[in-house]
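Engineer: Here's a structure for you.
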Amino acid sequence: YTNPYFSQQYTGSYNVGMIRGSYHFARPDVSSGATQANYFLAHGGGWSADGKTLPGALDIEYNPYGATCYGLSAAGMVSWIGDFSNTYHSKTGRYPTIYTTTDWWKTCTGNSAAFGSTNALWIARYASAVGTLPTGWSYHTFWQYSSSPIDQDYWNGDAAGLARYAKGS
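Just so we're aligned: the sequence shown equals residues 2 to 170 in my numbering.
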């Protein structure tokens, strides 16, 4: 899926001084992590140290189109995520934020700790508290706490911290 309003929304938010970001919905059953990272980068998923652009996010969660873990073993999934993450990092100097649920992470990566020291965590949990985080992360960077009436998220910090995060400092 490609949002037909992406360019308007992404450019428009930048033009009015908002901090903006984009995400890539992972499909590990379709192509390699590197292929998808390169596609994401070529279609608005990049990052720059302008203080208004967040590093891209890798949305990796239950497959709405088929097999729960996209037909991959836990080791295969960790390898796929690493391929995406390392490709993104090699082109931008930043690692992508990983958007996931703790349940999916435990089920499909074997609760891998491989990314906690490099990738920020955007945890999705529709509840009154963040809850248990996937192994490897001691804190969340973003928390999606509701999907009603639209997706609603918290930044784990203050406005100055968000600006520093966007800038890469």
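Just so it is clear, CB atoms sit at the ideal spot from N, CA and C, and this is done for glycine as well. Fair warning: this is a prediction, and the values are worked out from it, not measured in the lab.
1. Using a 10 Å radius around the Cβ and a threshold of 16 neighbouring Cβ atoms, would you call residue 37 buried or exposed?
2. How many Å lie between residue 100 and residue 166 at the Cα?
3. By Cβ distance below 8 Å, which residues in the same chain neighbour residue 134 in space, the five residues on each side in sequence not counted?
4. Is it buried or exposed, residue 25, if we count other Cβ atoms within 10 angstroms and call 16 or more buried?
5. Check this for me: beta carbons of residue 169 and residue 138, under 8 Å apart or not?
6. Under a Cβ-count criterion, where at least 16 other Cβ atoms within 10 Å of its own Cβ denotes burial, should residue 27 be classed as buried or exposed?
7. Return the chain-ordered ranges of every beta strand (DSSP E) run that is complete within the region 2-36 and spans a minimum of 3 residues.
8. Could you give the distance in angstroms between the alpha-carbon of residue 58 and the alpha-carbon of residue 143?
9. Quick check: what's the CA-CA separation for residue 120 versus residue 77?
10. Please say whether residue 95 and residue 53 have beta carbons closer to each other than 8 Å?
11. In the DSSP assignment, find the unbroken alpha helix (DSSP H) run with residue 143 in it and report its ends.
12. For residue 151 and residue 158, what's the separation of their Cα atoms in angstroms?
13. Beta strand (DSSP E) containing residue 99: first to last residue?
14. Kindly identify the DSSP beta-bridge partner or partners of residue 155.
15. List the DSSP bridge partners of residue 58.
16. Just the C-alpha distance for residue 49 and residue 70, rounded to the nearest angstrom, thanks.
17. Where residue 129 and residue 154 are concerned, what is the direct C-alpha to C-alpha distance, given to the nearest angstrom?
Structural biologist: According to the data block:
1. Residue environment analysis places residue 37 among the buried positions, since at least 16 neighbouring C-beta atoms fall within 10 angstroms of its C-beta.
2. Between the alpha carbons of residue 100 and residue 166 lies a distance of about 16 Å.
3. So the list reads 103, 122, 124, 140 and 141, once near-sequence residues are dropped.
4. Of the residues assessed, residue 25 falls on the buried side of the cut-off, its CB having 16 or more other CB atoms within 10 angstroms.
5. No, the pair does not count as a contact, with Cβ atoms beyond the cut-off.
6. So residue 27 ends up on the buried side.
7. Listed in chain order, the complete beta strand (DSSP E) runs (minimum 3 residues) inside the region 2-36 are 24-26.
8. Each residue's Cα considered, the two are about 11 Å apart.
9. For residue 120 and residue 77, the distance between alpha carbons rounds to 18 Å.
10. No, the pair does not count as a contact, with Cβ atoms beyond the cut-off.
11. It is not in any alpha helix (DSSP H) - residue 143 instead sits in the beta strand (DSSP E) that spans 143-147.
12. Using only the alpha carbons, I get a separation of about 22 Å.
13. Taken as a continuous stretch (DSSP letters only), the beta strand (DSSP E) holding residue 99 covers 98-101.
14. In the DSSP output, where bridge partners are listed per residue, residue 155 has 144.
15. Beta-bridge analysis with DSSP links residue 58 to 24 and 98.
16. Whole-angstrom Cα-Cα distance: 32 Å.
17. Those two C-alpha atoms are separated by around 12 Å.
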